[in-house]
Each structure stands twice: as structure tokens, then as C-alpha cells.
RNA sequence: UGGGACGUCGCCAAGCUGGUUAAGGCACGGGGUUUUGAUCCCCGCAUUCGCAGGUUCGAAUCCUGCCGUCCCAGCCA
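Numbering (the working numbering), first residue to last: 4 to 564.
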């Protein structure tokens, strides 16, 4: 997929690749997106996916989807399936689907190579011992007593590890680099560990599994990855990455380049925290529309295009930043503004009776599906004597600059005509239950009198034709910008109690009862909505993906002081 | 107090092989169009680049020192 890069800032990775192509260092670009199948993808991954595919696309290369499945105790097939679905949903087609586990035989041979060259050894100490000898940030580590085993002994031990002779933890294979290195990753890092654990793909074939450091770079090399893009926390691993590539007979020399991961305010983007939200029931699952997971944002109504343009717009740097969630929402609005058909829907209905409108009559208005795009067509919308308008569009004692309905005031019913509020009807409790209004027949859309200007326009739905629906209004998951930023407090303390508001009796324009799950609409003056999978023709369920920009709400707030 | 990295407008972010007035987007403010207070369209918005010195005719770009922030002591990735 090639996308206009009009909102794509220049960035160091693109600059560098371009340079390398021009200088002839590379002839093509091959990237990869390498998730571990131990959890669901979220917005943080989206940045990486978009970057990897964009770099390959822009320079005519290709991108692999590679599952980094080197730790069978945490990985499951269902995550593989979900990840595939998510990447495809975002709009990308990978060149090859790969698994680090496909390379286990090669990796094993590489390990032997290191052993034979005296560059790796079997350490027979337990984890605590190894940790104790690793030293600290300021003190060098101590060599393991097994560090100088002969290649022959190492080979024998390692082959027996592979053969299943030893229990988990009895031995590990370590690179023989430098126990005094200031970079802790170089203090003889673990390359292989014993795990008698069935692997989702290789079954019981192996009982030793390579570590990330040993598997990742070599997998890159095997696939001919030219640029191995990863996040900043792997910067310290690059010397090890390079060391292994240097000392192994790999078929190519990939280059690791690190960039800053995505941070968004008012949410959390870590598998661990998202897992807690699900496990402890703070949300309704991985696909809860408040979750930043692909499953969640998809159900919330975010579009692949909006996610891609967002990821492109934020840029790629090495400086860590926090992007406002609102930036994501704006990209959604920009996308849906172009493509979502408009509809009328009243969330909190207030009945109006048009006293001079004939009873038992229905007038059909032909209404544009998009005010700026005639090619999107029109539809017929019915009006009857009784209708609903938004409760919030009427105020008995409105503040200054309130352009909506008030007693004695006029307002236009969108696409129909101008009405005047003649009488306010209340129940015993003093609550407004109905407005008795009269309409101006001359002001019908299309009539000469439609030129007449009134300050406000309001949306409505015929009472007789209205479709009752459930509407779910979503707001930010957390009530503070950086819920995970306070180390002294548990982030769940900052969950926004009003992140979901369910409206049980919304009234939709007829036709919407047939909205297919996943279909987007703009409810005029209200926001962008998407039909939820919970929808049935009897009971449509619409999720609010994002509100429209609301200048009035801002103004009103200011007026109130 | 070891190592690695980052610090340009409220939020992102170009520029950083030194050369006239520090891109762009968002946000924000002002104005226009509008039967969505939406969209759209104009205009405005850093004498300043974490701080302090230095080199230079000239520095955000080079040097030195300082300050701040992030990452690393899993047989996780």
C-alpha cells in the first residue's frame, strides 16, 4: 500500500535509508514487524507496523510478518491469529509470514559454531548464581567457574541439553564476551535455556529455546532484513546484536535502528497493564471499545486509515514524547468527515408537537447524505406531527449566544423547516416533557422561504418513524493524562468512572436499524458512530467513536466562567 | 557516582556536513462561508533552539562544562 506522504515529516530513518540506497550500501529495503505472540496488538504496535511497512513501500522493498516465538511458556496460537488479523486490518500485506521457531535448527547450528570457536560456553550454575556474578551498574561482573570449559565439553553438554538429558535451569548456554563490560548486555548473555515446554508450533521437538538476543538478529539475517527497526530500550542490545552477526556465518548483515515508542495520554500501552484491565474486569475484554488494542479501537469505530495517518503524522524520532489522544481522534474525524454518510439521530429525546402540522400525515424530505459530496446521494426522511429533538437543544433560560430553541424562539429543523416554540409542557414534577411548536410552511427546504435565516439548526427524528436504539458513549479510559506516571499509585485508581455512558432510548432516523456492524455514520451535530456487533435489527447498538468538534461547548464553558 | 540515549513554540516535529528573516502539523486567537455552533477558507502565533561559557566575520547547528529526563543488573521480548 502506497500512501501519500503529505503528512509525513522527514525522519532520521527514512533519511538514512535513502542515503544508503543512494550510496549503494543497499539495493533494496527489507523490514519486518516482529511481535511476540503473547498478547494482543495495540496502538503502540501500530506505530511500528506503519513505520516498517512504509519504509519498505516507499523504497520498493518488502516487509515480513515475523512471530518472535522463542518463549513457549507465554505464547499461544490465538495470539498469532489475532495478530495476523490486526495487521491485515490496518491495511498491510506482508511478503512472508515467518516464525523465529522456523529457524530453530539454524539457530542451533549457530550456537554450535560459537561453541566450536570458543565464543560460547555452557554454564551449569543456577539463575541466582549467574545474577550474583553479573555485577551491578557500577561494578564489573565475575566470571563463571564454567567459563573456561573446553569447546569439546561445551559441545557435549549443549548437545545433551538439546537431547533432553537435563532439567529446566540445570544449564544455560552463554556467549563468552566480557564480564567486565560496562554494558551489562555484554556480560556473557544467556543464549539458550532449557525449557521442557510444548511449543505451539514445534511441539516437543525442542526442549531448549534461544533467547531474544540470540534469535532476533539471526532471524533478521536469515530473512535478509536490511533494517531491523525496534524501540529505544533495545539500544543497549545493539552491541550484542552486532557481535553475534559479526561472529556467526549468517547470510546477511542487518542493521538495527532504534526509535522512540508511542505514548498516548489518558490511556496505557503496555501488555501487562492492559492484561490487568481485562483480567480484573475493569473493562469488558480485549475488544472493549475503550481499550487501545486493535480489537478495541476497531470496535470503537476507529478506521485503519485514521490510524495510519495518525502514525504517519506523529513522526519518528529518538526522543520520547507523549501524544495527545485527541490527535488520534482528530485523524478519525478527518477520515470520517470525508466518508461517513450523515444521519439524524436524537440521543436524549424531547418530544415536540407541531400544532399546525396535519395529523396522520407524513411529509418526506429528500436529504443529502453528505453536504459537500452530492455523489454520495440522497435519502428520504419522514416528518410527522410529533417528533423528537435533542433535550439539550432546548433551554428555558438560555445563556447569551444560545442559538437553539427557547420559549418563543425559532430554530430550523435540519433539512426541513423552521419551527417556533409556543408552549412548554411539564409533568407534575416540573420537568419539561413536551414542546408545542408551530412550523413555517414557507421555510421548507427548497421553498423560496427557506432563504430565511434563523440562528440555529437542530436535528430531529419523526416520532412515528423513529428507531429505538442503544447508544454507547465512550470517553477516555482514564481521568488523568498519565495514569501510569505515578509510581507510588496504582494506575487503576485513575480509571475514568464515566468512560462509558449507555443511552438506552436513543431515537434514530429510520433505516439505521439495518446498519451493519462496522458501518460508520455521522450523526449530524453529534459525532461519528459505528454499528456495534451487538446490534440486532430489533435493537441497534451504536458506538460513539468520537464527537464532532464542539465550539459551542467550549464557548459555553467560558461563559459560565 | 558504570554504560547507552534524549532535551527546538502549549503538544508533535523539520533543520543540526555552521551562513541572510528557526519549516510544517496540531492546539490556540481573530475573521469569512455555512440549513451540522461540523466541514471549508483566510490571517496571526518561538529575535529564539535545556543552561552557562568558548571557537568563528557568522552557531539551533562545532567545542567544554553543567542541569533535566528516559533505558539497562530476566534462564522476558
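Built from N, CA and C at the ideal position, the CB exists for glycine as well. None of the values given here were measured: they were computed from a predicted structure.
Residue 522 and residue 291 have their C-alpha atoms spaced approximately 17 Å apart.
Inter-residue distance for residue 147 and residue 183 is about 12 Å (C-alpha atoms, whole angstroms). For residue 116 and residue 251, the gap between their C-alpha atoms comes out near 7 Å. Around the CB of residue 132, fewer than 16 other CB atoms lie within 10 Å, so the residue is classed as exposed. For the set 487, 498, 394, the Cα lying nearest the Cα of residue 434 is the one of 394.
Residue state for residue 39 is assigned as coil, using DSSP reduced to three classes.
Closest in C-alpha terms to residue 526, from the list 348, 384, 228, comes 348. Per the Cβ contact rule, the segment 274-284 is not in contact with the segment 50-68 (fewer than 3 Cβ pairs under 8 Å). Between residue 508 and the set 350, 129, 57, the nearest pair of CA atoms involves 350.
Restricting attention to 193, 301, 315, 354, the CA atom closest to the CA of residue 536 is found in 301. Annotation: the continuous beta strand (DSSP E) that includes residue 66 extends over 65-70. By the CB criterion at 8 Å, residue 353 and residue 392 fall inside the cutoff. Residue 221 has its alpha-carbon roughly 27 Å from the corresponding atom of residue 170.
In the DSSP assignment, the residues bridged to residue 383 are 369. For residue 134, the enclosing alpha helix (DSSP H) stretches over residues 130-136. For the pair residue 419 and residue 494, the CB atoms are not nearer than the 8 Å cut-off. At a Cβ-Cβ threshold of 8 Å, residue 385 and residue 365 count as neighbours. Straight across, the Cα-Cα distance linking residue 90 with residue 562 is about 46 Å.
Judged by DSSP secondary structure, residue 177 falls within the beta strand (DSSP E) whose first and last residues are 175-178.
Spanning the alpha carbons of residue 374 and residue 11 requires a straight line of approximately 29 Å. When DSSP states are grouped into helix, strand and coil, residue 149 belongs to the coil group.
In terms of CA proximity to residue 474, 510 leads the group 232, 489, 462, 510. Counted as a single uninterrupted DSSP element, the alpha helix (DSSP H) harbouring residue 223 occupies residues 215-226. In chain order, 34, 35, 36, 66, 232 place their CB closer than 8 Å to the CB of residue 55, counting only its own chain and leaving out the 5 sequence neighbours on each side.
Residue 315 and residue 53 have their alpha carbons spaced roughly 7 Å apart. Between residue 87 and residue 119, the CB-CB gap reaches or exceeds 8 Å.
For residue 305, the closest C-alpha among the options 408, 270, 92 is that of 92. Excluding sequence positions up to five before and after residue 285, its CB lies within less than 8 Å of the CB of 279, 495, 498, all in the same chain and listed in chain order.
The three-state reading of DSSP puts residue 523 in strand, counting E and B together.
Residue 462 places its beta carbon less than 8 Å from that of residue 417. In this structure, the CA atom of residue 328 is about 47 Å from the CA atom of residue 112. Annotation: the continuous alpha helix (DSSP H) that includes residue 46 extends over 46-61. Contact annotation, residue 480 with residue 502: C-beta distance approximately 5 Å; criterion of less than 8 Å satisfied.
Within the segment 225-289, the runs of alpha helix (DSSP H) at least 4 residues long that lie entirely inside it are, in chain order, 241-250, 274-282. When DSSP states are grouped into helix, strand and coil, residue 207 belongs to the coil group.
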